[in-house]
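Undergrad: Note that full-length UniProt numbering has the sequence shown beginning at 1, numbered continuously upward. Note that beta-carbon positions come from the ideal geometry of N, C-alpha and C, so glycine has one too.
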Amino acid sequence: MCHEPPSGYFTTYLDYFSNGFSLPPNALLVEIVRSLGVSFSQLTPNAIVAFACFHRRMSEIRIPVTLDLFHALFSARCTGPGSYIYFQPRLDCKFLSRIRSPRGSWKSNFLYVRDRGWGVPTTWSSGLSKIKIGGTHHALQLECGSLGLFDETIDPRLLLPPGKKIDLAEVRALQNGAGRRPVKAPWVRPPRRRVGPDSRDAPRRMGSPRSNHDSALLRMKKRIETNIWRCSPAIGEDGAQKNLKRRREVEDGAPHSVSGGGHLFVEGVNRRDRAGSFWDMSDPDLGWSMGKTLIGDHVVLHLLPQPTESLIHALAWNACQVLSLASTFQLREERSRNSESKLHEEIVMIREELLKMQKESDEKSKSCETLRVELEEKSKSYDVLRQELQQLEEKYSVELTTGEHFLDSALGKTLLTSTGEKAVEGYRASSAFRDEVLQQALTIHDQVVIDCRRQLRETKLVSEEIVRMIEPSVPEPGDENNEELLGTLDEILGDIDDDEMIEALRHNSI
1 MCHEPPSGYF TTYLDYFSNG FSLPPNALLV EIVRSLGVSF SQLTPNAIVA
51 FACFHRRMSE IRIPVTLDLF HALFSARCTG PGSYIYFQPR LDCKFLSRIR
101 SPRGSWKSNF LYVRDRGWGV PTTWSSGLSK IKIGGTHHAL QLECGSLGLF
151 DETIDPRLLL PPGKKIDLAE VRALQNGAGR RPVKAPWVRP PRRRVGPDSR
201 DAPRRMGSPR SNHDSALLRM KKRIETNIWR CSPAIGEDGA QKNLKRRREV
251 EDGAPHSVSG GGHLFVEGVN RRDRAGSFWD MSDPDLGWSM GKTLIGDHVV
301 LHLLPQPTES LIHALAWNAC QVLSLASTFQ LREERSRNSE SKLHEEIVMI
351 REELLKMQKE SDEKSKSCET LRVELEEKSK SYDVLRQELQ QLEEKYSVEL
401 TTGEHFLDSA LGKTLLTSTG EKAVEGYRAS SAFRDEVLQQ ALTIHDQVVI
451 DCRRQLRETK LVSEEIVRMI EPSVPEPGDE NNEELLGTLD EILGDIDDDE
501 MIEALRHNSI
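1. Tell me whether Leu-149 is buried or exposed, calling it buried when 16 or more other Cβ atoms sit within 10 Å of its Cβ.
2. Let me confirm a value: Thr-459 is counted as buried when at least 16 other C-beta atoms fall within 10 Å, else exposed. Which label applies?
3. Suppose contacts are defined by Cβ-Cβ distances below 8 Å. Is Gly-119 in contact with Val-30 by that definition?
4. Can Arg-34 and Leu-159 be called in contact, C-beta distance under 8 Å?
5. Is it right to say Thr-443 is buried, meaning 16 or more other beta carbons lie within 10 angstroms of its own, or is it exposed?
6. State the start and end residues of the unbroken alpha helix (DSSP H) segment that holds Phe-406.
7. Within the chosen definition, does the stretch 126-140 reach the stretch 109-117 through at least 3 CB pairs nearer than 8 Å?
8. From the DSSP output, which residues share a beta bridge with Thr-11?
9. Over the uninterrupted alpha helix (DSSP H) stretch that includes Ala-441, give me the two end residues.
10. Is it right to say Asp-475 is buried, meaning 16 or more other beta carbons lie within 10 angstroms of its own, or is it exposed?
11. Pull up the distance between the alpha-carbon of Leu-416 and that of Glu-436, whole angstroms please.
12. Measure from the alpha carbon of Gly-80 to the alpha carbon of each residue in Asp-92, Thr-44 and Leu-73, then state which is nearest.
13. Please determine, among Leu-36, Ala-441 and Ser-41, the residue with the shortest C-alpha to C-alpha distance to Phe-70.
14. Under 8 Å: do the stretch 93-101 and the stretch 137-153 share three or more Cβ pairs, one atom per stretch?
15. How many Å lie between Pro-477 and Met-469 at the Cα?
16. Are Ala-47 and Tyr-86 touching if we call contact CB-CB under 8 Å?
17. Hey, how far is the Cα of Lys-342 from the Cα of Glu-60?
18. Can you tell me the Cα-Cα spacing of Ser-336 and Ile-133, whole angstroms?
19. For Gln-306, does the three-state DSSP call read helix, strand or coil?
20. So, with DSSP's three-state summary, where would you put Cys-78?
21. Taking residue 517 as part of the beta strand (DSSP E), name the residues at either end of that continuous run.
22. Does DSSP put Leu-43 in a helix, in a strand, or in coil?
23. Once DSSP output is grouped into helix, strand and coil, what is the label at Asn-338?
24. I need the DSSP call for Leu-96, collapsed to helix, strand or coil.
25. Rounded to the nearest angstrom, what separates Val-467 and Glu-421 at their Cα positions?
26. Would you kindly check if the distance between the Cβ of Leu-73 and the Cβ of Pro-89 is under 8 Å?
27. Measuring alpha carbon to alpha carbon, tell me which residue in Leu-140, Leu-355 and Gly-117 is nearest Ala-27.
28. Quick check on Ile-154: does DSSP put it in helix, strand or coil?
29. So what does Phe-87 bridge to, in DSSP terms?
30. In angstroms, rounded to a whole number, what distance separates the CA positions of Pro-307 and His-313?
31. Please state the DSSP three-state secondary structure of Gly-412.
32. Are the CB atoms of Thr-122 and Pro-305 nearer to each other than 8 Å?
33. Since Val-38 and Gly-20 should fall inside the 8 Å C-beta cutoff, what is the C-beta to C-beta distance between them, to a whole number of angstroms?
34. Spell out whether any CB of chain C is found under 8 Å from the CB atom of Glu-369.
35. Measuring alpha carbon to alpha carbon, tell me which residue in Arg-62, Asp-115 and Arg-114 is nearest Cys-144.
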């Protein structure tokens with residue numbers, strides 16, 4: 001079952017490889033699957049397309065590709081409970097056009113790949129872990145929007161790298177054809193079918209050299225095709241012992257064959273972390289030390305009995321392989337030279353920028369020195385101003401205490417005048433002022449009465465009796481009884497309370 005791989009393996013579908021997937025799997029893709037809490041084999045080919053386009057597009061606009069950035073732009077969805085997973089762009093974060101679903105039954109075509117410490121999750125889950133979107137994710141969305149990522153949608157086919165189309169039916173035919181049975185372990189190469197002299201010479205006896213050439217080419221083609229081994233029961237006790245021996249040789253580092261997607265057969269390549277994977281001669285991990293020879297001794301022994309024409313075809317094919325390998329290394333050398341020249345150009349540019357920055361630093365240091373001198377001068381000016389301020393504060397404190405300078409000014413005089421008028425008006429309206437007026441009235445009462453009598457007599461309109469009736473208690477000047485009246489008045493005034501007299505004068509004003 002695809003969701004139950006053997007221990008130490010994980011499941012990959014063949015459609016993965018035609019949609020941008022390669023081995024080993026991208027570490028970020030593995031981390032995304034782990035954060036969602038699902039199995040790697042639950043990813044649909046659409047999810048592989050979305051991740052490959054995301055990785056390629058972010059690299060183009062030079063944004064660091066991180067787990068938070070992926071969750072900020074995509075959300076994971078299930079096709080059903082406990083089913084497969086696909087990635088969908090979040091709202092207002094779409095930069096890819098519609099990703100078409102794969103045609104055919106892609107779920108039935110899968111491989112088991114050994115996990116070489118990559119930590120690929122293999123446990124199927126019925127649900128997704130909830131990813132919380134916070135301020136960091138919104139900030140990443142705004143940054144991508146400012147770079148114009150969402151201004152247009154791009155066809156995913158323009159961003160996908162060239163895929164590797166793998167025909168599982170053809171591989172099974174190569175594996176199981178010509179009386180060959182599958183072996184037990186994926187690291188064990190199927191045993192060769194021994195060809196007898198009669199069967200080897202049969203096409204030649206039939207008088208068909210072309211058939212002989214075709215059969216030789218077919219056998220060579222089978223040797224250089226992609227080898228994909230699947231698990232199956234053992235082929236007897238002898239087969240199991242041979243398989244165990246071959247497994248130990250591989251684990252100990254013995255040379256074995258690995259074929260690549262470029263159809264180039266390499267003998268002696270031993271990469272334990274890539275055993276059973278798809279190789280390509282453009283892979284930068286394939287170094288000089290990994291390919292010992294293109295034709296091993298056992299291949300030479302197998303080719304010696306072949307006809308001359310077959311050997312010519314085999315040598316021609318081998319020459320093509322050598323030329324292909326030479327062109328590959330030549331391409332690497334050219335790339336290395338180009339990268340070295342680019343590196344030199346970058347070094348020159350960096351040196352120029354460094355000199356420019358050094359000049360700017362010198363100019364800034366001079367400016368800093370000028371600013372330091374100006375700062376010292378301004379510091380001295382500040383000290384002078386601080387002393388003047390202190391003197392003004394002292395003058396202000398004196399003025400605040402005495403106020404002489406202010407009172408001598410026109411504004412001060414106006415303030416004094418208005419304050420005096422307000423004080424006089426207030427005093428006149430007070431009871432103290434009324435009491436003072438009444439007290440002064442008592443001292444002039446007699447003289448006022450006498451003056452009133454005199455004025456009335458001068459008019460000669462009022463009789464003497466009526467004149468005498470005005471304050472009869474007040475004697476006339478020169479009156480004989482003046483002394484007695486004065487004594488009587490003193491007695492009366494002594495008996496009368498001053499307050500009552502004042503109150504009477506208030507009610508009987510003259």
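TA: Per the coordinate set shown:
1. It counts as buried.
2. Exposed is the call here.
3. Going by C-beta atoms, Gly-119 is nearer than 8 Å to Val-30.
4. Going by C-beta atoms, Arg-34 is not nearer than 8 Å to Leu-159.
5. By the Cβ neighbour-count rule, Thr-443 is exposed, with fewer than 16 other Cβ atoms within 10 Å of its own.
6. That run of the alpha helix (DSSP H) goes 404-408.
7. The answer is no - the stretch 109-117 does not touch the stretch 126-140, with fewer than three Cβ pairs under 8 Å.
8. DSSP, once it has assigned bridges, lists Tyr-112 as partnering Thr-11.
9. That run of the alpha helix (DSSP H) goes 431-459.
10. Looking at the sequence shown, residue 475 is not Asp but Pro. Pro-475 comes out buried.
11. Across the structure, Leu-416 and Glu-436 are spaced so that their CA atoms are roughly 25 Å apart.
12. It is Thr-44.
13. That would be Leu-36, whose Cα lies nearest to the Cα of Phe-70.
14. The stretch 93-101 vs the stretch 137-153: in contact.
15. Going from the Cα of Pro-477 to the Cα of Met-469 covers about 16 Å.
16. Contact flag set, yes.
17. Going from the Cα of Lys-342 to the Cα of Glu-60 covers about 19 Å.
18. Going from the Cα of Ser-336 to the Cα of Ile-133 covers about 43 Å.
19. If DSSP states are grouped into helix, strand and coil, Gln-306 belongs with coil.
20. DSSP places Cys-78 in strand when its eight states are reduced to three.
21. Outside the modelled stretch of the chain, which goes from 1 to 510, sits residue 517, for which no answer is possible.
22. Strand, per DSSP.
23. Three-state DSSP puts Asn-338 in a helix.
24. When DSSP states are grouped into helix, strand and coil, Leu-96 belongs to the strand group.
25. Between the C-alpha atoms of Val-467 and Glu-421 there is a straight-line separation of about 43 Å.
26. Contact: yes.
27. With distances taken between Cα atoms, Ala-27 lies closest to Gly-117.
28. It is a strand residue.
29. DSSP output for Phe-87 lists Ala-76 as bridge partner(s).
30. Going by the C-alpha atoms only, they are around 10 Å apart.
31. Helix, per DSSP.
32. At the C-beta level, Thr-122 and Pro-305 stay beyond 8 Å of one another.
33. Cβ-Cβ separation between Val-38 and Gly-20: approximately 20 Å, too far for a contact (criterion under 8 Å).
34. This model lacks chain C altogether, as it is built from one protein chain only.
35. Cα-wise, what sits closest to Cys-144 is Arg-62.
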